[in-house]
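J.:
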Amino acid sequence: MIGKCIKIDRNSGIGYIENEAGFTYGFDLDEPSNKSIKTSDTVEFEPVHIAYTNDKMATEIKVIDSQD
């Protein structure tokens, strides 16, 4: 799935990606491979839906277009 990083919250350790359909997925900033992701980066990721909390998480994130 393709999306854009819309927010990085260093205090909570969570970043947010919005996909092309407008759904928002959280991701863990403490994961070593996610530390280089910046706001406005376009990324490819695997979506995971956590049924019991109704959360949407992004895993296996790869930056495909960086704004820097």
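Per our numbering, residue -17 is the first one in the sequence shown, and the count goes up by one each step. From the three backbone atoms N, C-alpha and C, an ideal C-beta is built for every residue, glycine too.
1. When we look at the beta-carbon of L23 and count the other beta-carbons within 10 Å, is it buried (16 or more) or exposed?
2. With DSSP as the reference, label N16 as helix, strand or coil.
3. In whole angstroms, what is the alpha-carbon distance linking D10 and M(-17)?
4. Going by DSSP, name the residue or residues bridged to D37.
5. Hey, K38 and G8 are a contact pair by Cβ (cut 8 angstroms); roughly how many whole angstroms apart?
T.: According to the structure shown:
1. Within the sequence shown, numbered from 1, the residue matching residue 23 stands at position 41. Per the sequence presented here, residue 23 reads as Asp, with Leu not at that position. D23 should be labelled buried.
2. Position 34 of the sequence shown, counting from 1, holds the residue named residue 16. Note: N16 maps to helix in three-state DSSP.
3. Taking the first residue of the sequence shown as 1, we reach residue 10 at position 28. Taking the first residue of the sequence shown as 1, we reach residue -17 at position 1. Taking the straight line joining both Cα atoms gives about 17 angstroms.
4. Position 55 of the sequence shown, counting from 1, holds the residue named residue 37. BP columns for D37 point to I32.
5. Against the sequence shown, residue 38 aligns to sequence position 56. Against the sequence shown, residue 8 aligns to sequence position 26. Contact between K38 and G8 holds: their C-beta atoms lie close to 7 angstroms from each other, under 8 angstroms.
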